[in-house]
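A quick write-up on the structure given underneath.
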Amino acid sequence: MRSFDVPTAIVVAGAFLLILLAGWLQRRLRRRGFISAVDHATYETLHRASLAGRHLTEGLTPEAGTKAGKHLLALLGARALAISDTGEVVSWVGPGEQHRRSTMALIAPTLTSGRTAVADYRVVHCSDPNCLIEAAVSAPLVSDERVIGAITAYTDHASAGLARATEEVAQWFSAQLELAEVGRDRSRMMEAELRALRAQISPHFIYNSLAAIASFVRTDPDRARELLLEFADFTRYALRRGGAFTTLQEELRNVERYLVLEQARFGERLQVSLLVAPEVLPVKVPYLVIQPLVENAVRHGLATKEGIGHVVITATDRGHDAQIGIEDDGVGNDPERIRDVLDNAHASDSIGLGNVDARLRQVYGDEYGLVVETAPGAGTKVSFRVPKFAPAVHDAD
Amino acid sequence: MTSTLSLAAVSLVCLLTLVVGALGLRLSRATSDFYVAGRTVSPRLNASAIGGEYLSAASFLGVAGLIYDFGVDQLWLPVGYTLGYLVLLVMVAAPMRRSGAYTLPDFAEARLQSRRIRLLASVLVVSIGWLYLLPQFHAASLVLRTVAGVPPWVGGTIVAVVVTVAVGAGGMRSITFVQALQYWIKLTALAVPAGILLAVWWRLGHPEPVVSDAWRLALTPRDTGDHPAYRTYSVLLALCLGTMGLPHVLVRYYTNPDGVGARRTTVNVLLLLGMFYVLPPVYGVLGRVFLPDPPGSGVDSIVLRLPGLVVGGVRADVLTAVLAGGAFAALLSTASGVAMSVTGVLDQSVMRPWLQRITGGDAGVGGGFRLAAIAAVAVPYAVSWLTEPLSLATMVGLAFTIAASTFAPLLILGVWWRRLSRRGAAAGLTVGAVTATGSIGAALVLGSPSGWLGALLANPAAWTVPLATVVAVVVSLATPGSVPAGTTRLLVRLHTPEGVDVRRSRPTD
Numbered sequence: 219m220r221s222f223d224v225p226t227a228i229v230v231a232g233a234f235l236l237i238l239l240a241g242w243l244q245r246r247l248r249r250r251g252f253i254s255a256v257d258h259a260t261y262e263t264l265h266r267a268s269l270a271g272r273h274l275t276e277g278l279t280p281e282a283g284t285k286a287g288k289h290l291l292a293l294l295g296a297r298a299l300a301i302s303d304t305g306e307v308v309s310w311v312g313p314g315e316q317h318r319r320s321t322m323a324l325i326a327p328t329l330t331s332g333r334t335a336v337a338d339y340r341v342v343h344c345s346d347p348n349c350l351i352e353a354a355v356s357a358p359l360v361s362d363e364r365v366i367g368a369i370t371a372y373t374d375h376a377s378a379g380l381a382r383a384t385e386e387v388a389q390w391f392s393a394q395l396e397l398a399e400v401g402r403d404r405s406r407m408m409e410a411e412l413r414a415l416r417a418q419i420s421p422h423f424i425y426n427s428l429a430a431i432a433s434f435v436r437t438d439p440d441r442a443r444e445l446l447l448e449f450a451d452f453t454r455y456a457l458r459r460g461g462a463f464t465t466l467q468e469e470l471r472n473v474e475r476y477l478v479l480e481q482a483r484f485g486e487r488l489q490v491s492l493l494v495a496p497e498v499l500p501v502k503v504p505y506l507v508i509q510p511l512v513e514n515a516v517r518h519g520l521a522t523k524e525g526i527g528h529v530v531i532t533a534t535d536r537g538h539d540a541q542i543g544i545e546d547d548g549v550g551n552d553p554e555r556i557r558d559v560l561d562n563a564h565a566s567d568s569i570g571l572g573n574v575d576a577r578l579r580q581v582y583g584d585e586y587g588l589v590v591e592t593a594p595g596a597g598t599k600v601s602f603r604v605p606k607f608a609p610a611v612h613d614a615d
Numbered sequence: 042m043t044s045t046l047s048l049a050a051v052s053l054v055c056l057l058t059l060v061v062g063a064l065g066l067r068l069s070r071a072t073s074d075f076y077v078a079g080r081t082v083s084p085r086l087n088a089s090a091i092g093g094e095y096l097s098a099a100s101f102l103g104v105a106g107l108i109y110d111f112g113v114d115q116l117w118l119p120v121g122y123t124l125g126y127l128v129l130l131v132m133v134a135a136p137m138r139r140s141g142a143y144t145l146p147d148f149a150e151a152r153l154q155s156r157r158i159r160l161l162a163s164v165l166v167v168s169i170g171w172l173y174l175l176p177q178f179h180a181a182s183l184v185l186r187t188v189a190g191v192p193p194w195v196g197g198t199i200v201a202v203v204v205t206v207a208v209g210a211g212g213m214r215s216i217t218f219v220q221a222l223q224y225w226i227k228l229t230a231l232a233v234p235a236g237i238l239l240a241v242w243w244r245l246g247h248p249e250p251v252v253s254d255a256w257r258l259a260l261t262p263r264d265t266g267d268h269p270a271y272r273t274y275s276v277l278l279a280l281c282l283g284t285m286g287l288p289h290v291l292v293r294y295y296t297n298p299d300g301v302g303a304r305r306t307t308v309n310v311l312l313l314l315g316m317f318y319v320l321p322p323v324y325g326v327l328g329r330v331f332l333p334d335p336p337g338s339g340v341d342s343i344v345l346r347l348p349g350l351v352v353g354g355v356r357a358d359v360l361t362a363v364l365a366g367g368a369f370a371a372l373l374s375t376a377s378g379v380a381m382s383v384t385g386v387l388d389q390s391v392m393r394p395w396l397q398r399i400t401g402g403d404a405g406v407g408g409g410f411r412l413a414a415i416a417a418v419a420v421p422y423a424v425s426w427l428t429e430p431l432s433l434a435t436m437v438g439l440a441f442t443i444a445a446s447t448f449a450p451l452l453i454l455g456v457w458w459r460r461l462s463r464r465g466a467a468a469g470l471t472v473g474a475v476t477a478t479g480s481i482g483a484a485l486v487l488g489s490p491s492g493w494l495g496a497l498l499a500n501p502a503a504w505t506v507p508l509a510t511v512v513a514v515v516v517s518l519a520t521p522g523s524v525p526a527g528t529t530r531l532l533v534r535l536h537t538p539e540g541v542d543v544r545r546s547r548p549t550d
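Chains A and B are the protein sequences, given in the same order.
Be aware that the first sequence starts at 219, since it is given in the numbering used here, and climbs by one per residue.
Be aware that the second sequence starts at 42, since it is given in the numbering used here, and climbs by one per residue.
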């Protein structure tokens, strides 16, 4: 542990210093990109607003109100700020919190009329001689043409400028709250969509499986029983409730059940080979994401074709992602038609592709959609990637 | 003759690495049987793979060299390298697996729900990875220079090219089966020559090494102002806690299906490492017997020189070739493992966003990954040109020290302490990184001053780790507001076995 030498030292220390310096410079440049005082004021105002807006994505909570309020207080240059809904003061920012109790009475006219109101020292009085608050401006928060609360700026003397500014800030605040509401609506909608998208077993598969099983009932009752049990397991998996994710291993097990049922129908005509890296078996995938693709390969690739058909299922390790591919050597398809299917997830008889594509994009983002390689007569290969770690997946679990 | 055989062994190892890497999956896993395809990696195989990736040239050559040079105090090195997995087993293995995180930045993000801390962790992963790659290049140069007399730049260049190709060609290096094979290659390459050399030594009347007291007795200072006790404990602490912060170790745990699998794997790793680490001391002591005077510099090559000193002729050539091949296997597997992790992080946090910005999202995935692979290898390779080689084990020790001062507090507090806040974690990481790199850098610049200052600067883990932990705790307690929402729920998941359904207290059907 003693033979240190100077060049190594300089390089190591230099590298770290460079990294730190680069980071610091970048921040600094980003912050100081303007020149004139007007630019500076504009920047300062917008920056404050964006800082405040960041906290309002969750709606009007005491914590969000306090955090956003700090920036708004600086923006208005008032002494203290109260943010209230129609029932109580949600957050108080700044000194003079003894005024908090009287705030609701103060803003009552604003809440009923929806107008900005100014209260001077005759209304806002205080027994504390050190308290600098002697006036207040209240502006309503309006959403959907309904007054949902008010912002009250407390100061030592009210001015027309402050009244205007408070009114503007209240309007901006209302807009932010509406945006938050829209955001929440959107995530609710996405959840609903995801719930609607998952677990669509194709009715064709049910008819065909039951028909295939029926054909074995007399000739080979044991096989028919086994197939029925597979069918029961398959439907239990497909119709289960609970988490929206499963492991690749579970998903492959379900593909196996599915293929056992299909092989009862196609017999030796359906050949399956697998190339699965064991490293990716524990990866979490949206559930029922592979089986529809295999079903698609069997239905569109083999059912309409003469002779033996091969389906190859691969799962390979790509570092941070796992790549999953389903390939058949069937009749292939017109790329234009596939594009149509992927564009209209719901309005298509090809339940597999569009649905899976939509779910993958929904969960992991647009860069994780399906990749389909096909041409008439050339077979089809469908592949997609799944990140090994995605925060959304583990939160949902 | 020596050079021909050894060069053949080294080429064979390089070629095998590339070929088996490319074919590995096809060789082992092409099947039409779902039962075979659905089998997860067994803890034993995964443990071999971890061993294969973990045992680097520093373990293979460096530990023997240090024991040869400094004596019994350095016996703590192999103990430390192994103990790290015991800490991992007890503290983080299973919860980390249950968190679902693949890399250290993933864990930081999952636990603290902050992109910024993720970024901080990514920067640290890249720094630690680069620092870890550096000695691998030096070791390659050393091996080829010793066995074949080629110029120093050849070895490093070969490793850099092979690793870049292997990693850039699509992450094939991460195949468990291949890495597991590497462990057994290393063990054989070190154990068989060791057995033969021991037998020869025994036949020669088993002479004892002639050594000074400082070599033979534990914790004896070699010169005044040395603090062997402090240094030893500091190194031990760095190794114990640093293992969990090495980027290429934790990604292997993702392969386990569950937390129990992760624990079993770790127990197996302890066993395999224990087996391996018996061997370097054997070489160190035999070196003292047959070459009593250390040659000033280049003690790291003692393992490779020993066969020539003990037996002569063709037998020595064969043994040297086996050792050289083993050392190269160690180099390549570790270097590709680390390069793979660094590449992944660079790809995810630098290349992909960058490519997306300049191409508007049209770039393929592979391009960025390959660029990242080149960057991951090229930077430490370039630095290896600029720096004089330190002792191999010392350089690896630096990486361990930084890992121990940054990720160990993050992981342990993250797994076991509910009140860890974002600010606390960020402060702990920053303080750990700055003090660890700063003091090591200062020690290097000052040329390792004697006395307490030198000891504290050169082996800082004993104070940087507690400092980083205390800072993380104090800042967390001071900022309860930035404790991420849902922490309790997450911790319940981390510590609950997978079979238990927490949401429903009644048993499931």
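For every residue, glycine included, the Cβ atom is placed at its ideal position computed from N, Cα and C.
In this text, all values refer to a predicted model and were calculated from it rather than measured experimentally.
Cα separation between A/ALA565 and A/ASN573?
-> As a working mapping, residue 565 of chain A is identified with position 347 in the first sequence. As a working mapping, residue 573 of chain A is identified with position 355 in the first sequence. Any reading at A/ALA565 is ruled out, since the residue's pLDDT is 49, under 50, leaving its predicted position unreliable.
Whether A/GLY287 touches A/SER268 by CB criterion (8 Å) | Residue numbering aside, residue 287 of chain A sits at position 69 when the first sequence is read from its first letter. Residue numbering aside, residue 268 of chain A sits at position 50 when the first sequence is read from its first letter. No.
Locate the beta strand (DSSP E) running through B/TRP458, then write down its first and last residues.
-> By 1-based counting over the second sequence, the position of residue 458 of chain B is 417. Here B/TRP458 belongs to no beta strand (DSSP E), and DSSP marks it neither H nor E.
Is the number of C-beta pairs between the segment 365–373 of chain B and the segment 145–157 of chain B that are closer than 8 Å three or more?
-> no
Of the residues that make up the segment 381–394 of chain B, which ones have a beta carbon closer than 8 Å to any beta carbon in chain A?
-> MET381, THR384, GLY385, ASP388, GLN389
Span of the beta strand (DSSP E) around A/LEU493 | Residue numbering aside, residue 493 of chain A sits at position 275 when the first sequence is read from its first letter. First-last of the beta strand (DSSP E) with A/LEU493: 488–494.
Closer than 8 Å, Cβ to any Cβ of chain B: which residues of the segment 222–247 of chain A, in chain order?
-> PHE222, ASP223, VAL224, PRO225, THR226, ALA227, ILE228, VAL229, VAL230, ALA231, ALA233, PHE234, ILE237
Nearest neighbour of A/PRO347, chosen from A/THR328, A/ARG333, A/ASP374, A/MET322 [CA to CA] | If you number the first sequence from 1, residue 347 of chain A lands on position 129. Nearest of A/THR328, A/ARG333, A/ASP374, A/MET322 to A/PRO347, Cα basis: A/ASP374.
Short CB-CB distance (under 8 Å) between B/GLY141 and chain A | Residue numbering aside, residue 141 of chain B sits at position 100 when the second sequence is read from its first letter. At least one chain A Cβ lies under 8 Å of B/GLY141.
CB-CB under 7 Å to B/SER374, same chain, minus the five flanking residues each way: which ones, in chain order?
-> Taking the second sequence and counting its residues from 1, one reaches residue 374 of chain B at position 333. Only GLY93, GLU94, GLN220, GLN223 meet the Cβ criterion.
With distances taken between CB atoms, is the gap from B/ARG293 to B/ASN87 smaller than 8 Å?
-> Stepping through the second sequence from its first residue, residue 293 of chain B is reached at position 252. Stepping through the second sequence from its first residue, residue 87 of chain B is reached at position 46. Closer than 8 Å, so yes.
Please look up how many angstroms separate the CB atoms of B/LEU161 and B/ALA502, rounded, as I've assumed it's under 8 Å.
-> The sequence position of residue 161 of chain B within the second sequence is 120, counting from 1. The sequence position of residue 502 of chain B within the second sequence is 461, counting from 1. Contact flag wrong, Cβ pair sits at about 20 Å.
Interface partners of B/ASP147 on chain A, CB under 7 Å = The residue you call residue 147 of chain B lines up with position 106 of the second sequence. PHE607, listed in chain order.
Which ranges does the alpha helix (DSSP H) cover as unbroken runs of at least 4 residues, wholly within the segment 377–425 of chain A, from first to last along the chain?
-> 378–415
Would you call the segment 474–482 of chain A and the segment 198–207 of chain B touching, i.e. three or more CB-CB distances under 8 Å?
-> no
Closer than 9 Å, Cβ to Cβ, to anything on chain B: give me those residues from the segment 485–510 of chain A, in chain order.
-> Listed by position along the chain: GLN489, VAL490, SER491, LEU492, LEU493, VAL494, ALA495, PRO496, GLU497, VAL498, LEU499, PRO500, VAL501, LYS502.
Check whether the Cβ atoms of B/SER425 and B/HIS179 sit closer than 8 Å, and answer yes or no.
-> As a first step, residue 425 of chain B must be located in the second sequence, where it is residue number 384. As a first step, residue 179 of chain B must be located in the second sequence, where it is residue number 138. Against a cut-off of 8 Å, the Cβ pair of B/HIS179 and B/SER425 comes out as a contact.
Could one say the Cβ of B/SER73 lies closer than 8 Å to chain A's Cβ atoms, at least one of them?
-> Counting from 1 along the second sequence, the entry for residue 73 of chain B is found at position 32. For B/SER73, the answer is yes, since a Cβ of chain A falls inside 8 Å of its Cβ.
When you compare only the Cα positions, how much space is there between B/ALA419 and B/ALA210?
-> Counting from one through the second sequence, the residue named residue 419 of chain B turns up at place 378. Counting from one through the second sequence, the residue named residue 210 of chain B turns up at place 169. Straight-line Cα distance between these residues: approximately 16 Å.
Partner residues on chain B for A/GLN467, Cβ-Cβ distance less than 8 Å | As a working mapping, residue 467 of chain A is identified with position 249 in the first sequence. GLY79, THR81, PRO298, listed in chain order.
Min CB distance A/ARG471 to chain B below 8 Å = Mapped onto the first sequence, residue 471 of chain A falls at position 253. Closer than 8 Å: yes.
Out of curiosity, what's the CA-to-CA distance linking B/GLY473 and A/PHE234?
-> Within the second sequence, the letter at position 432 stands for residue 473 of chain B. Within the first sequence, the letter at position 16 stands for residue 234 of chain A. Cα-Cα distance, rounded: 14 Å.
Could you check what DSSP says for A/PHE607 in three-state terms: helix, strand or coil?
-> Counting from one through the first sequence, the residue named residue 607 of chain A turns up at place 389. Reduced to three states, the DSSP call for A/PHE607 is coil.
Cβ distance (whole Å) where B/LEU431 is taken to contact A/THR226 below 8 Å = Locating residue 431 of chain B in the second sequence gives position 390, where the first residue counts as 1. Locating residue 226 of chain A in the first sequence gives position 8, where the first residue counts as 1. Right, the Cβ-Cβ distance comes to about 6 Å (below 8 Å), so this counts as a contact.
Counting Cβ pairs closer than 8 Å, one from the segment 102–109 of chain B and one from the segment 522–529 of chain A, do we hit at least three?
-> no
Can you list, in chain order, the residues of the segment 422–445 of chain A whose Cβ is nearer than 8 Å to any Cβ on chain B?
-> Here the close residues number zero.
CB A/ALA300 to CB A/VAL307, shorter than 8 Å?
-> Against the first sequence, residue 300 of chain A aligns to sequence position 82. Against the first sequence, residue 307 of chain A aligns to sequence position 89. Against a cut-off of 8 Å, the Cβ pair of A/VAL307 and A/ALA300 comes out as a contact.
Give a yes or no on contact between the segment 164–177 of chain B and the segment 442–452 of chain B, applying the rule of three or more CB pairs nearer than 8 Å.
-> yes
With distances taken from CA atoms, which of A/ALA456, A/PHE423, A/GLY537, A/THR532 is nearest A/GLY543?
-> For the purposes of this step, residue 543 of chain A is identified with residue 325 of the first sequence, where counting begins at 1. If we check each option's Cα against that of A/GLY543, A/THR532 comes out closest.
B/ALA303 classed as buried or exposed, judged by whether at least 16 other C-beta atoms fall within 10 angstroms | Locating residue 303 of chain B in the second sequence gives position 262, where the first residue counts as 1. Its Cβ being crowded by 16 or more others within 10 Å, B/ALA303 is buried.
Taking only the alpha-carbon atoms, compute the straight-line gap between B/ASP334 and B/VAL251 and give it to the nearest angstrom.
-> Position 293 of the second sequence, counted from the start, is the residue given in the question as residue 334 of chain B. Position 210 of the second sequence, counted from the start, is the residue given in the question as residue 251 of chain B. Distance between the alpha carbons of B/ASP334 and B/VAL251 is about 9 Å.
Helix, strand or coil for B/HIS179, going by three-state DSSP, please let me know.
-> As a working note, residue 179 of chain B is residue 138 in the second sequence. Reduced to three states, the DSSP call for B/HIS179 is helix.
Would you mind giving the Cβ-Cβ distance between A/VAL604 and A/VAL503, rounded to the nearest angstrom? I have them listed as a contact below 8 Å.
-> In the first sequence, counting from the first residue as 1, residue 604 of chain A sits at position 386. In the first sequence, counting from the first residue as 1, residue 503 of chain A sits at position 285. So it is a contact: roughly 5 Å between Cβ atoms.
Which class does B/ALA376 belong to by DSSP, given the choice of helix, strand or coil?
-> Counting from 1 along the second sequence, the entry for residue 376 of chain B is found at position 335. Three-state DSSP puts B/ALA376 in a helix.
Identify the contact partners of B/GLY482 in chain A, using a Cβ-Cβ distance below 8 Å as the criterion.
-> For the purposes of this step, residue 482 of chain B is taken as residue 441 along the second sequence, with counting starting at 1. Within chain A, the residues near B/GLY482 are ALA227, VAL230, ALA231, PHE234.
Mind listing, in chain order, the continuous alpha helix (DSSP H) runs of no fewer than 4 residues lying wholly within the segment 310–367 of chain B?
-> Taking only runs of at least 4 residues, the alpha helix (DSSP H) segments lying wholly in the segment 310–367 of chain B are 320–331, 343–351.
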